[in-house]
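In this text, residue positions in the sequence shown follow full-length UniProt numbering: the first is 1, and each later residue adds one.
Below: the structure, in structure tokens.
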Amino acid sequence: MSNSTERSGIAYGLGAYITWGLLTIYWKFLKQFSAVELIGWRIVTSSIILLSVIIYTKKLRNLLTALRDPKLCARVIFASIMLAVNWTTYVWAVVHENIIETALGYFIAPLFTMIIGFAVLRETMKTAHRAVIALAVVAIVILTYSYGRPPYLALIIASSWSIYGYLKKQVPLSSLESLTAEVVALLIPAVAILFWSFNRADSVPNNATTIQWIFVLFTGLMTAIPLLLFGAASRRVRLSLLGPLQYLVPTFNFFLGWLAYNEKLDVTRLVGFAFVWFGLVILITDSLRSSAKKNQKRLSVTRNAKNFTD
Numbered sequence: 001m002s003n004s005t006e007r008s009g010i011a012y013g014l015g016a017y018i019t020w021g022l023l024t025i026y027w028k029f030l031k032q033f034s035a036v037e038l039i040g041w042r043i044v045t046s047s048i049i050l051l052s053v054i055i056y057t058k059k060l061r062n063l064l065t066a067l068r069d070p071k072l073c074a075r076v077i078f079a080s081i082m083l084a085v086n087w088t089t090y091v092w093a094v095v096h097e098n099i100i101e102t103a104l105g106y107f108i109a110p111l112f113t114m115i116i117g118f119a120v121l122r123e124t125m126k127t128a129h130r131a132v133i134a135l136a137v138v139a140i141v142i143l144t145y146s147y148g149r150p151p152y153l154a155l156i157i158a159s160s161w162s163i164y165g166y167l168k169k170q171v172p173l174s175s176l177e178s179l180t181a182e183v184v185a186l187l188i189p190a191v192a193i194l195f196w197s198f199n200r201a202d203s204v205p206n207n208a209t210t211i212q213w214i215f216v217l218f219t220g221l222m223t224a225i226p227l228l229l230f231g232a233a234s235r236r237v238r239l240s241l242l243g244p245l246q247y248l249v250p251t252f253n254f255f256l257g258w259l260a261y262n263e264k265l266d267v268t269r270l271v272g273f274a275f276v277w278f279g280l281v282i283l284i285t286d287s288l289r290s291s292a293k294k295n296q297k298r299l300s301v302t303r304n305a306k307n308f309t310d
């Protein structure tokens, strides 16, 4: 992989994560509307955009053929439910002034993914992993005390996103194909939600300004753009390098909620976040070390094979 290819991959990755971060501002602009209705619009407009891309790239036949498998369809439907839960919780949290808690959710999502690996995939738990889990538990206890309640929005976001990611790995489709299948699976409930919302005085059709209508109708495009950028990045750069970039989104949301929208961040909450960040440093460091060891071992095998042939 050339340096120019890797640089372009990093640029695509940054573009994807920055766009995902900006979505918080996007949803905040639409805060007067119901989160459920906004997700309905997002699903409908995303279905139109993604199906258009699938048809343009001539992948529709392959997708329909793959979806003939009942087990695959079941996984797609379950993944779509997790996606809907994640999207709705995130948007509800943003419009109800809980942006910092959404940041917590996406910070601890990798820890939930790690737990799924241990519980479901029977992966080996290292000492570093035990330390990370312990730090996360302490953080949740501290934040529960600070909020006066468990940080349930963060826990729902983290668990739904982690389960969704696990299910995505069980589906032999590209990210574009799988997301298209997932949003189309949600299309009928989404249309039903929009019909239900038409009778509400505070709904988008009855209350939105022209600029708000533009924002609503572009939710599908704002969903597709970071996905396509991330897909381009993953083909050009090592995942070990791309992975740490995922923390840009919750970091952006953390400072956005704190500095731009003046959400409460007292010392106790900051201490809770500090435990989470310390755990993430351990997790990232352990992951980078494991990746370096694998690369070193691969190079050693390659050299030995070359020496043998010489």
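Glycine included, C-beta positions come from ideal geometry on N, C-alpha and C.
Here the structure is a predicted model, which means the values were calculated and not measured.
Closest by C-alpha distance to isoleucine 284, when choosing among Arg269, Val132 and Leu143 | Ranking Arg269, Val132 and Leu143 by Cα distance to isoleucine 284 puts Val132 first.
Rank Phe230, Ile48, Ser290 and Leu179 by C-alpha distance to the C-alpha of tyrosine 12 and give the top, closest one.
-> Checked all of Phe230, Ile48, Ser290 and Leu179; the closest Cα to tyrosine 12 is Phe230.
Grab me the residues of alanine 66's own chain with a C-beta within less than 8 Å of its C-beta, minus the 5 sequence neighbours each way, in chain order.
-> Residues of the same chain with a CB within less than 8 Å of the CB of alanine 66, apart from the 5 flanking positions on each side, are Leu72, Pro172, Leu173 and Glu177 in chain order.
Sequence-distant residues of its chain with Cβ nearer than 6 Å to glycine 40 (five each side left out) = Excluding residues within five positions, the ones whose Cβ falls inside 6 Å are Ala190, Ile193 and Leu194.
The region 104 to 115 in contact with the region 213 to 221 per 3-pair CB rule at 8 Å | The region 104 to 115 makes no contact with the region 213 to 221, as fewer than three CB pairs between them are under 8 Å.
Residue span of the alpha helix (DSSP H) that contains phenylalanine 255, given as start and end | Note, phenylalanine 255: alpha helix (DSSP H), 248 to 255.
Inter-residue spacing [alpha-carbon to alpha-carbon] between isoleucine 282 and valine 204 = About 45 Å.
For lysine 28, the nearest candidate out of Asn86, Tyr261 and Val267 (CA to CA) = Taking only the C-alpha atoms, the option nearest lysine 28 is Tyr261.
Delimiting residues of the alpha helix (DSSP H) encompassing serine 175 = Where serine 175 is concerned, the enclosing alpha helix (DSSP H) stretches over 175 to 185.
Exposed unless 16 or more other CB atoms sit within 10 angstroms - verdict on tryptophan 92 | Result: buried.
Can you find at least 3 beta carbon pairs, one from the region 245 to 263 and one from the region 75 to 89, that sit closer than 8 Å?
-> Taking one beta carbon from each stretch, the region 245 to 263 and the region 75 to 89 have fewer than 3 pairs nearer than 8 Å; the two do not touch.
Report the residue from Leu60, Asn62, Pro226 and Arg149 whose alpha carbon sits nearest the alpha carbon of isoleucine 18.
-> Minimum Cα distance to isoleucine 18 is reached at Pro226.
Note down the Cα distance separating alanine 274 from isoleucine 140, rounded to an integer number of angstroms.
-> It is roughly 11 Å from the alpha-carbon of alanine 274 to the alpha-carbon of isoleucine 140.
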